[in-house]
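Structure first, then comments.
Residue numbers (full-length UniProt numbering), protein chains in the order written: chain A, 1 to 225; chain B, 1 to 225.
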């Protein structure tokens, strides 16, 4: 918690950037919230829990995960600084649909959903920013559902590489961790690794220690099926 | 369009209920929007389109659909009166992730995302209501992704029946259309039909012309895997 206290200037500016609000509104949020850290691998929220708090990510990385029929981990959502999960007010505590797990040590601000709603009611930019964040997440979730339905495991790996690559340089820096990438698209490390090796062999991507580069974006596109 | 004009009192009260706003705010939205109807089976938005408008459902029913590898239709989202889809402002037009198709004749209000954002900025209740709607949809999408990953086709049919049943009476009235139910959970009509027949044979549900009733909710729960 000391982390957040000493870095509260950082928290304030993160809140301002996230919600497009001024420092006074950010301070209202900080005043209504409590800081809490979670160790790496800690379960922040359990699937099935009924919670009445919103969690605002200040530092670290977390994941919403579900498990496949074979017991494999599937990532439903990724949360980074500036992201929000948990409850958003409305009709009482909301049942959580996935475990949320700290991938790296997480610092968060926890705020009662009702208190956040009161602030949002007063300051239109908050609800608007929340809506945009949630709309983006909903699009991502739909794209993942689509890919899970329409693409082979190999195709999903390639779609993920295309998403990760910088739009201008077509490079991924630092290179993705294959195990991570596999979990995100719901396949095994072996399948992901084989799919990536095939791309390299065909000269579609080039791998170095510092980055991967897509050399033939159109051929990558054609391999997404 | 005449439909909406003559029913504008109805539209106003629908907007008030949806956004928890007063009539004056609802009128601002109506004044900034244009009414548009879509025939049954019309494609309202195409996957891949970049659109800058938000669509507010006034009457009818629409679906966000994607296609599986085998070409089967999969429903990603359902939209009914009071629901919203399309763009929500932010950084220019948003690429649509699914086709949105009218299941029944749709009456909608179309409003530029930027205009809606301006109203939401002014009136905190709008953004807050939008956030809650989107959070609910995001939860549903995650649950569907989870079910698609963790449950058999039969289990998904049973989970859908549980969702459709009234919490108190445990009945589904009117009875679901099996083809519809199958599409929603991403399976064939035949599989859904077989799964439902098995429930009836085992005395877990009872079907009549006017409604279906879950007689043994705990045994239904146990069959969801």
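No residue lacks a Cβ here, since even glycine has one placed at the ideal position from N, Cα and C. As the structure is a prediction and not an experimental result, all values here were calculated from the model.
Which residue's Cα is closest to the Cα of residue i: the options?
{"i": "residue 181 of chain B", "options": "B:99, B:156, B:198, B:47", "result": "B:156"}
{"i": "residue 118 of chain A", "options": "A:32, A:22, A:162, A:99", "result": "A:32"}
{"i": "residue 43 of chain B", "options": "B:27, B:103, B:120", "result": "B:103"}
{"i": "residue 100 of chain B", "options": "B:83, B:112, B:113", "result": "B:83"}
{"i": "residue 41 of chain B", "options": "B:191, B:34, B:60", "result": "B:60"}
{"i": "residue 214 of chain A", "options": "A:188, A:195, A:189, A:166", "result": "A:166"}
{"i": "residue 39 of chain A", "options": "A:142, A:106, A:163, A:56", "result": "A:106"}
{"i": "residue 108 of chain A", "options": "A:80, A:127, A:123", "result": "A:80"}
{"i": "residue 146 of chain A", "options": "B:45, B:35, B:75, B:46", "result": "B:75"}
{"i": "residue 116 of chain B", "options": "B:204, B:151, B:34", "result": "B:34"}
{"i": "residue 113 of chain B", "options": "B:142, B:56, B:62", "result": "B:56"}
Between which two residues does the beta strand (DSSP E) harbouring residue i extend?
{"i": "residue 84 of chain A", "result": "84–86"}
{"i": "residue 60 of chain B", "result": "53–67"}
{"i": "residue 76 of chain B", "result": "73–79"}
{"i": "residue 213 of chain A", "result": "212–214"}
{"i": "residue 37 of chain A", "result": "34–38"}
{"i": "residue 99 of chain A", "result": "99–112"}
{"i": "residue 44 of chain B", "result": "43–45"}
At what residues does the alpha helix (DSSP H) containing residue i begin and finish?
{"i": "residue 131 of chain B", "result": "124–150"}
{"i": "residue 193 of chain B", "result": "189–201"}
{"i": "residue 207 of chain B", "result": "Taken as a continuous stretch (DSSP letters only), residue 207 of chain B belongs to no alpha helix (DSSP H), being part of the beta strand (DSSP E) at 205–207."}
{"i": "residue 155 of chain A", "result": "153–164"}
{"i": "residue 184 of chain A", "result": "178–185"}
{"i": "residue 219 of chain B", "result": "217–222"}
Given this structure, state the Cα-to-Cα distance separating residue i from residue j, to the nearest angstrom.
{"i": "residue 3 of chain A", "j": "residue 73 of chain B", "result": "Confidence in residue 3 of chain A is poor, its pLDDT being 49 and thus under 50, which makes the residue's placement too unreliable to answer from."}
{"i": "residue 218 of chain B", "j": "residue 87 of chain A", "result": "28 Å"}
{"i": "residue 65 of chain B", "j": "residue 140 of chain A", "result": "15 Å"}
{"i": "residue 199 of chain A", "j": "residue 171 of chain A", "result": "14 Å"}
{"i": "residue 13 of chain A", "j": "residue 129 of chain A", "result": "15 Å"}
{"i": "residue 158 of chain B", "j": "residue 223 of chain B", "result": "7 Å"}
{"i": "residue 225 of chain A", "j": "residue 136 of chain A", "result": "24 Å"}
{"i": "residue 220 of chain A", "j": "residue 51 of chain B", "result": "26 Å"}
{"i": "residue 48 of chain A", "j": "residue 97 of chain A", "result": "6 Å"}
{"i": "residue 148 of chain A", "j": "residue 24 of chain B", "result": "44 Å"}
{"i": "residue 95 of chain A", "j": "residue 54 of chain B", "result": "28 Å"}
{"i": "residue 212 of chain B", "j": "residue 153 of chain B", "result": "20 Å"}
{"i": "residue 197 of chain B", "j": "residue 160 of chain A", "result": "40 Å"}
{"i": "residue 18 of chain A", "j": "residue 125 of chain A", "result": "10 Å"}
{"i": "residue 208 of chain A", "j": "residue 173 of chain A", "result": "10 Å"}
{"i": "residue 127 of chain A", "j": "residue 183 of chain B", "result": "34 Å"}
{"i": "residue 138 of chain A", "j": "residue 138 of chain B", "result": "5 Å"}
{"i": "residue 67 of chain A", "j": "residue 77 of chain A", "result": "13 Å"}
{"i": "residue 190 of chain B", "j": "residue 202 of chain B", "result": "18 Å"}
{"i": "residue 22 of chain A", "j": "residue 132 of chain B", "result": "23 Å"}
{"i": "residue 228 of chain B", "j": "residue 192 of chain B", "result": "With chain B covering only 1 through 225, there is no way to say anything about residue 228 of chain B."}
{"i": "residue 27 of chain A", "j": "residue 20 of chain A", "result": "13 Å"}
{"i": "residue 216 of chain B", "j": "residue 205 of chain B", "result": "7 Å"}
{"i": "residue 9 of chain B", "j": "residue 37 of chain B", "result": "17 Å"}
{"i": "residue 151 of chain A", "j": "residue 30 of chain A", "result": "43 Å"}
{"i": "residue 142 of chain A", "j": "residue 134 of chain B", "result": "13 Å"}
{"i": "residue 120 of chain B", "j": "residue 63 of chain B", "result": "26 Å"}
{"i": "residue 15 of chain B", "j": "residue 188 of chain A", "result": "47 Å"}
{"i": "residue 58 of chain B", "j": "residue 58 of chain A", "result": "39 Å"}
{"i": "residue 5 of chain B", "j": "residue 111 of chain A", "result": "Summary for residue 5 of chain B: the model assigns pLDDT 44, below 50, so the residue's position carries little reliability; its value from the coordinates is reported in the next sentence. Those two C-alpha atoms are separated by around 43 Å."}
{"i": "residue 93 of chain B", "j": "residue 210 of chain B", "result": "45 Å"}
{"i": "residue 85 of chain A", "j": "residue 85 of chain B", "result": "21 Å"}
Should residue i go down as buried or exposed, given a rule of 16 or more other Cβ atoms within 10 Å for buried?
{"i": "residue 186 of chain B", "result": "buried"}
{"i": "residue 176 of chain B", "result": "buried"}
{"i": "residue 46 of chain B", "result": "exposed"}
{"i": "residue 169 of chain B", "result": "exposed"}
{"i": "residue 144 of chain A", "result": "buried"}
{"i": "residue 194 of chain B", "result": "exposed"}
{"i": "residue 122 of chain A", "result": "exposed"}
{"i": "residue 163 of chain A", "result": "exposed"}
{"i": "residue 11 of chain A", "result": "buried"}
{"i": "residue 1 of chain B", "result": "Its pLDDT being 45, under 50, residue 1 of chain B is placed unreliably by the model, and the measurement read from it follows with that caveat. Per the 10 Å Cβ criterion, exposed."}
Interfacial residues, the region 13–29 of chain A to chain B, with Cβ spacing under 8 Å: So nothing in the stretch comes that close.
Cβ-based contacts, 7 Å cut-off: residues of the region 97–115 of chain B near chain A: 97, 98
Chain A contacts made by the region 136–149 of chain B, where a contact means CB separation under 7 Å: 137, 138, 139, 141, 142, 143, 144, 145, 146, 148, 149
Short-range partners of chain B found in the UniProt domain "HTH crp-type" (151–218) of chain A, where Cβ spacing is below 8 Å: 151, 152, 186
Against chain A: residues of the region 117–128 of chain B by CB proximity under 9 Å: 117, 119, 120, 121, 122, 123, 124, 125, 126, 127, 128
Cβ-based contacts, 8 Å cut-off: residues of the region 53–74 of chain A near chain B: 64, 66, 67, 68, 69, 74
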